[in-house]
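Protein chains in written order, with the numbering used here: chain E, 1 to 92; chain A, 1 to 379; chain Y, 1 to 283.
Built from N, CA and C at the ideal position, the CB exists for glycine as well.
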Amino acid sequence: MVNDTSQVTKIIQIKRRGRVYLVKDRCKGCGFCIEFCPMGVLKQSDDFNAQGYHYPILVEEPPNKVCIACGFCSVICPEFAIYSEPIEEDEK
Amino acid sequence: MSLAPGTYFLSGNEAVAEAALLAGCRFFAGYPITPSSELAERMARRLPQVGGVFIQMEDEIGSIMAIIGASWGGLKAMTATSGPGFSLMQESIGFAAITETPIVICNVQRAGPSTGMPTYVGQGDIMQAKWGSHGSYEIIALSPSSVQECFDMTIKAFNLAEKYRVPVIILMDERLSHLYEKVCVPSEKELIIINRKKPKSKENFLPFKPDDDLIPPMPPVGEGYHFHVTGLTHDEKGYPRMDPEVQERLVKRLNDKIRLHADEIIDIDTLMIDDAEIAIVAFGSEVRPATRAVKLARKNNIKAGLIDLKTIWPFPDNFFRDIANEVNTFVVTEINYGQVVREVKRAVGDKANVLLLPKMGGSLHTPEEILDFMKKEAI
Amino acid sequence: MPIQFVDSHIRDKYLKRDRLPHIWCPGCGIGSILNAFLLGMEKANIDPDKVLVVSGIGCTGRVAGYLNMDTFHTTHGRAIPFAIGLKIARPDMHVVVFSGDGDLVTIGGNHFIHAARRNNDILVILVNNFNYGMTGGQVGATTPHNAITSTTPYGNIEDDFNIPFLAAAAGAVYVARWTSLHVRRLAWSVAEAFNRKGFRLIEVLSQCPTTFGRRNKMPDGLDMLKWFRDNTVVKHNADLHETRIELDRKIVIGKFVDIEDKPTFEEQAFNLIKKVGGERGGR
């Protein structure tokens with residue numbers, strides 16, 4: 001494993017994983033979280049909420065395209081709908 | 001230190017300032033305007049001495065909004081102005097009315113309209129005091145006619161503002177503001193100071209839910225009440241509600257709060273009214289010549305009496321309705337082209353004659369002018 | 001792990017949940033700015049019970065109604081003088097003015113410059129969405145030259161205020177400008193400003209897709225956010241002549257003024273009491 005340097009590089013890059021939470025019916029489909037997530041792991045769902053908006057869903061592709069709990073979606077969401085939390089070390 | 005009990009020689013403006021300090025006023029925000037500037041100047045010098053803060057704001061709108069903010073911060077707050085400044089303050093007076101903020105505004109009336117005669121007496125802001133802002137609301141307006149009354153009524157103004165959570169306007173006029181007379185300052189024991197009702201507990205507290213007296217307790221800031229105050233029509237929680245039912249409840253209560261307590265608020269002085277056939281209705285500086293005219297009239301065998309209004313708003317409807325049973329003619333002397341006379345007419349109805357003896361502004365009536373009018377018109 | 005559906009957001013404790021959803025349009029930036037403000041307040045460890053928020057009239061003015069704090073929704077243009085009285089009465093509270101460009105520097109312009117001049121100790125969050133949004137998108141003092149609004153249907157013939165320049169010239173001791181996209185920087189500025197005193201101004205450019213964006217070729221909230229992303233440049237301590245906003249130019253954002261230790265109005269007013277021998281709250 002130590003000789004496979006590409007694998008080692010990938011593990012070092014992703015230090016923190018996150019979970020994403022959504023208050024589904026608050027979403028107004030603005031698309032900010034989807035557009036500006038630095039990892040690009042949010043996509044618009046085909047489903048819609050009670051207000052008729054397509055809310056975001058998490059589409060991860062481990063090991064690289066994953067939520068890293070940067071918290072950007074948590075703060076840019078104008079509706080206080082979406083947020084991320086880091087996954088604790090022991091949970092991993 | 002506020003004034004110690006004793007006798008002083010003060011002007012109307014000074015008396016209002018000193019009374020305010022004794023009532024507990026610790027914030028004044030104002031803008032210079034003749035003939036009220038001396039009040040602000042006195043406050044500027046005296047407030048820091050009693051631990052208060054004076055600020056001269058950039059305009060009258062800033063002044064009145066600052067006192068509303070200070071009142072929500074828990075201070076008794078006041079401003080002073082004259083016609084042009086009072087006009088600027090109207091929107092904010094409506095805001096104080098709907099948010100039920102205790103404030104005191106001293107309007108030292110001068111001849112108007114507009115810039116008018118800044119250093120000359122007028123009494124033309126009577127209707128504006130009640131109707132100046134948009135919408136239906138009630139305020140309290142008091143009209144002192146001596147420097148002692150300037151003092152006493154200022155204490156009363158603060159008490160009424162705190163008790164009813166309403167803007168109270170002291171309607172002075174230029175002549176009185178610059179008149180120097182003896183003022184007796186009572187001892188602490190004799191002074192009655194009223195403070196706003198505070199909520200009993202935070203549990204289920206609704207900031208705009210009234211008690212039985214129609215007045216809600218006023219929450220203090222910074223203690224976790226988390227209340228919202230808005231100029232929008234609001235419900236008992238203070239939340240904006242665009243609902244005709246909520247509007248109905250709120251507007252009625254804001255008005256009834258004063259109307260239903262009018263008897264406790266209104267104060268009127270009379271002279272020789274018991275057997276009077278003709279009554280002079282006067283307020284502010286006009287009370288002096290009117291008093292003399294009544295005494296002269298009696299010497300001329302005219303059964304004259306004097307009604308010194310003291311309370312302009314709420315207007316003493318019941319008093320006039322009752323006294324119109326005895327008095328045949330009311331002569332309203334005022335320094336405007338007919339404002340209080342309309343209220344007297346309305347209250348009296350068909351029961352008696354109501355006549356207007358106006359001055360447009362700049363001078364008071366002489367006692368002889370009033371007497372001549374009485375002789376000519378009323379007999 | 002898929003997205004998990006929950007009932008509340010991490011900053012819900014600062015909001016009046018029974019008043020949500022808020023009235024701002026889908027795509028509006030005000031919600032993001034409020035979110036960042038609360039994050040900043042948290043970062044600075046400020047007790048929300050000791051923060052009094054004052055707003056005026058307009059879309060941004062509605063912020064006050066959604067906060068689970070002691071809040072005041074005052075009249076148009078007059079949030080600042082109200083806040084001044086409030087602060088003088090309760091200097092132990094943090095007094096924040098949170099309002100829009102029309103409210104604070106158009107109708108409220110006079111109060112704005114005098115408060116800065118006096119160094120009244122208030123933190124002003126000014127949301128600039130370049131128009132009067134609530135009433136349908138009329139021109140305001142911050143509408144850029146040539147922009148289309150409902151009262152400049154042929155393009156604005158006036159120039160806009162350069163707010164950071166105006167505030168600094170009037171005497172503000174802390175001046176920063178961010179956008180509703182730069183939420184982290186905004187939260188950082190808010191946290192910093194809470195730890196300063198005096199007249200502090202944070203201007204936050206915001207998208208108003210419904211009235212401004214739509215008329216100026218940026219109909220979605222995302223369109224304007226991308227415009228912010230592509231047309232802003234961070235330049236701390238920039239020459240304030242450069243901070244004017246024009247539609248066809250880069251917008252300079254950053255922190256421009258940070259003066260510590262200038263005595264506030266309140267400090268001087270309370271010192272005056274001591275000087276003349278009075279006592280705060282005295283007889």
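Quiz prompt | Whole-Å CB distance - Glu286 of chain A paired with Ile335 of chain A, under 8 Å assumed | solution = In the second sequence, the residue the question calls residue 286 of chain A occupies position 286. In the second sequence, the residue the question calls residue 335 of chain A occupies position 335. Right, the Cβ-Cβ distance comes to about 7 Å (below 8 Å), so this counts as a contact.
Exercise. Measure the C-alpha to C-alpha separation of Ile370 of chain A and Ala290 of chain A and round it to an integer number of angstroms.
Key: The count along the second sequence starts at 1 and reaches residue 370 of chain A at position 370. The count along the second sequence starts at 1 and reaches residue 290 of chain A at position 290. The alpha-carbon atoms of Ile370 of chain A and Ala290 of chain A are separated by roughly 7 Å.
Quiz item: With a cut-off of 8 Å, do at least 3 Cβ pairs link the stretch 78–92 of chain Y to the stretch 54–61 of chain Y?
Solution: yes
Self-check item: Inter-stretch contact (C-beta, 8 Å, three-pair minimum) for the stretch 356–366 of chain A and the stretch 113–121 of chain A
Solution: yes
Quiz item: Just curious, the alpha helix (DSSP H) that Leu330 of chain A is in, first and last residue?
Solution: For the purposes of this step, residue 330 of chain A is taken as residue 330 along the second sequence, with counting starting at 1. Leu is not the amino acid found at residue 330 of chain A; the sequence shown has Phe there. It is not in any alpha helix (DSSP H) - Phe330 of chain A instead sits in the beta strand (DSSP E) that spans 329–334.
Quiz item: Is the beta carbon of Ala193 of chain Y less than 9 Å from the beta carbon of Val257 of chain Y?
Solution: In the third sequence, residue 193 of chain Y corresponds to position 193, counting from 1. In the third sequence, residue 257 of chain Y corresponds to position 257, counting from 1. No. Outside cutoff.
Quiz item: From A:Lys351, A:Phe283, A:Phe373, A:Pro32, pick the residue whose C-alpha is nearest to that of Gln339 of chain A; which is it?
Solution: Here residue 339 of chain A corresponds to residue number 339 of the second sequence, with the count starting at 1. The residue with the shortest Cα to Cα distance from Gln339 of chain A is A:Phe283.
Quiz item: Who are the neighbours of Ala81 of chain E on chain Y, taking C-beta pairs under 8 Å?
Solution: As a first step, residue 81 of chain E must be located in the first sequence, where it is residue number 81. Result: His9.
Practice problem: Look at the alpha carbon of Glu266 of chain Y and the alpha carbon of Gly278 of chain Y, and state the distance between them as a whole number of angstroms. | Solution: As a first step, residue 266 of chain Y is located in the third sequence; it is residue number 266 there, counting from the start. As a first step, residue 278 of chain Y is located in the third sequence; it is residue number 278 there, counting from the start. Spanning the two alpha carbons is a distance of roughly 15 Å.
Self-check item: Proximity test, Cβ basis, 9 Å: Asp37 of chain E and chain Y
Solution: Residue 37 of chain E sits at position 37 when you count from the first residue of the first sequence. With the sequence shown as reference, residue 37 of chain E is identified as Cys, and Asp is not the correct amino acid for it. Taking Cβ atoms only, chain Y never reaches closer than 9 Å to Cys37 of chain E, which makes this a no.
Quiz item: For Phe108 of chain A, which option in A:Ala352, A:Arg175, A:Leu296 has the closest C-alpha, if you only look at C-alpha atoms?
Solution: In the second sequence, counting from the first residue as 1, residue 108 of chain A sits at position 108. Checking the displayed sequence, the identity of residue 108 of chain A turns out to be Val instead of Phe. For the residues A:Ala352, A:Arg175, A:Leu296, the minimum Cα distance to Val108 of chain A belongs to A:Arg175.
Quiz item: Under 9 Å, do Trp313 of chain A and Ile215 of chain A count as touching if we go by C-beta distance?
Solution: Taking the first residue of the second sequence as 1, we reach residue 313 of chain A at position 313. Taking the first residue of the second sequence as 1, we reach residue 215 of chain A at position 215. Going by C-beta atoms, Trp313 of chain A is not nearer than 9 Å to Ile215 of chain A.
Quiz prompt | Beta-ladder partner(s) of Trp24 of chain Y, from DSSP | solution = As a first step, residue 24 of chain Y must be located in the third sequence, where it is residue number 24. Looking at the DSSP assignment, Trp24 of chain Y forms no beta bridge with any residue, so it has no partner.
Quiz prompt | DSSP state of Cys67 of chain E mapped onto helix, strand, coil | solution = On the first sequence, residue 67 of chain E is found 67 positions in, with the first residue counted as 1. Note: Cys67 of chain E maps to coil in three-state DSSP.
Quiz item: On the premise that Val348 of chain A lies in contact with Val341 of chain A, defined as a C-beta separation below 8 Å, what is that separation, rounded to the nearest angstrom?
Solution: In the second sequence, counting from the first residue as 1, residue 341 of chain A sits at position 341. In the second sequence, counting from the first residue as 1, residue 348 of chain A sits at position 348. Rounded, the Cβ-Cβ distance is 10 Å, inconsistent with contact.
Practice problem: Could you check what DSSP says for Met1 of chain A in three-state terms: helix, strand or coil? | Solution: For the purposes of this step, residue 1 of chain A is taken as residue 1 along the second sequence, with counting starting at 1. DSSP places Met1 of chain A in coil when its eight states are reduced to three.
Self-check item: alpha helix (DSSP H) segment containing Cys150 of chain A, residue limits
Solution: Taking the second sequence and counting its residues from 1, one reaches residue 150 of chain A at position 150. Start and end: 147–164.
Exercise. Identify every run of the beta strand (DSSP E) within the stretch 155–217 of chain Y, keeping only runs that are complete inside it and at least 3 residues long; order them along the chain.
Key: 174–179, 200–205
Exercise. Starting from Asp103 of chain Y, follow the beta strand (DSSP E) in both directions and report where the run begins and ends.
Key: Residue numbering aside, residue 103 of chain Y sits at position 103 when the third sequence is read from its first letter. No beta strand (DSSP E) contains Asp103 of chain Y, which DSSP labels as neither H nor E.
Quiz item: When Cβ atoms are compared, which residues of the stretch 13–33 of chain E fall closer than 7 Å to chain Y?
Solution: Arg19, Val20, Tyr21, Leu22, Val23, Lys24, Arg26, Lys28, Gly29, Cys30, Gly31, Phe32
Quiz item: In whole angstroms, what is the alpha-carbon distance linking Thr79 of chain A and Arg17 of chain E?
Solution: Indexing the second sequence from 1 puts residue 79 of chain A at position 79. Indexing the first sequence from 1 puts residue 17 of chain E at position 17. The alpha-carbon atoms of Thr79 of chain A and Arg17 of chain E are separated by roughly 59 Å.
Quiz prompt | Separation of Glu61 of chain E from Thr5 of chain E, as counted between CA atoms | solution = If you number the first sequence from 1, residue 5 of chain E lands on position 5. If you number the first sequence from 1, residue 61 of chain E lands on position 61. Confidence in Thr5 of chain E is poor, its pLDDT being 47 and thus under 50, which makes the residue's placement too unreliable to answer from.
Exercise. With 7 Å as the limit, tell me which residues of the stretch 71–91 of chain Y have their beta carbon closer than that to any beta carbon of chain A; keep them in chain order.
Key: Thr71, Phe72, His73, Thr74, Thr75, Arg78, Pro81, Phe82, Ala83, Ile84, Gly85, Leu86, Ile88, Ala89, Arg90
Quiz item: So which residues of chain Y does Ile68 of chain E contact, with C-beta pairs closer than 7 Å?
Solution: If you number the first sequence from 1, residue 68 of chain E lands on position 68. Those do not exist, as Ile68 of chain E stays about 13 Å from chain Y at its closest Cβ, beyond 7 Å.
Self-check item: Endpoints, the beta strand (DSSP E) within which Ala352 of chain A is located
Solution: The count along the second sequence starts at 1 and reaches residue 352 of chain A at position 352. Taken as a continuous stretch (DSSP letters only), Ala352 of chain A belongs to no beta strand (DSSP E), as it is neither H nor E.
Quiz item: Name the DSSP beta bridge partners of Gln138 of chain Y, please?
Solution: Numbered from 1 along the third sequence, position 138 holds the residue referred to as residue 138 of chain Y. In the DSSP output, where bridge partners are listed per residue, Gln138 of chain Y has Y:Tyr132.
Exercise. Please name the residues in the stretch 105–134 of chain Y whose beta-carbon is closer than 7 Å to at least one beta-carbon of chain A, in chain order.
Key: Asn110, His111, His114
Self-check item: Members of the stretch 92–119 of chain A near chain Y, C-beta cut-off 7 Å
Solution: Ser92, Phe95
Exercise. Return helix, strand or coil for Asp200 of chain A, following the three-state DSSP convention.
Key: For the purposes of this step, residue 200 of chain A is taken as the residue at position 200 of the second sequence. In the sequence as displayed, the identity of residue 200 of chain A is Lys instead of Asp. Looking at Lys200 of chain A - three-state DSSP - the assignment turns out to be coil, as it is neither helix nor strand.
Quiz prompt | Straight-line gap, Cys73 of chain E to Phe32 of chain E (C-alpha atoms, nearest Å) | solution = Here residue 73 of chain E refers to the residue found at position 73 when the first sequence is read from its first residue. Here residue 32 of chain E refers to the residue found at position 32 when the first sequence is read from its first residue. Cα-Cα distance, rounded: 8 Å.
Quiz item: Is the CB of Asp18 of chain Y under 9 Å away from at least one CB in chain E?
Solution: Locating residue 18 of chain Y in the third sequence gives position 18, where the first residue counts as 1. It does not: the Cβ of Asp18 of chain Y has no partner Cβ on chain E nearer than 9 Å.
Quiz item: What is the residue span of the alpha helix (DSSP H) that Val54 of chain Y lies within?
Solution: Residue mapping note: residue 54 of chain Y aligns to position 54 of the third sequence, counting from 1. Val54 of chain Y -> not in any alpha helix (DSSP H); beta strand (DSSP E) instead, spanning 51–55.
Quiz item: Just checking, does the stretch 25–37 of chain A make contact with the stretch 46–55 of chain A on the three C-beta pairs under 8 Å criterion?
Solution: yes
Exercise. Drop a sphere of 10 angstroms on the beta-carbon of Val190 of chain Y, count the other beta-carbons inside from all chains shown, and report buried for 16 or more, exposed for fewer.
Key: In the third sequence, counting from the first residue as 1, residue 190 of chain Y sits at position 190. It counts as buried.
Quiz item: Residues bridged to Val257 of chain Y by DSSP?
Solution: If you number the third sequence from 1, residue 257 of chain Y lands on position 257. According to DSSP, Val257 of chain Y bridges with Y:Val175.
Exercise. Would you check if the stretch 82–97 of chain A and the stretch 100–110 of chain Y touch, i.e. whether three or more CB-CB distances between them fall below 8 Å?
Key: no
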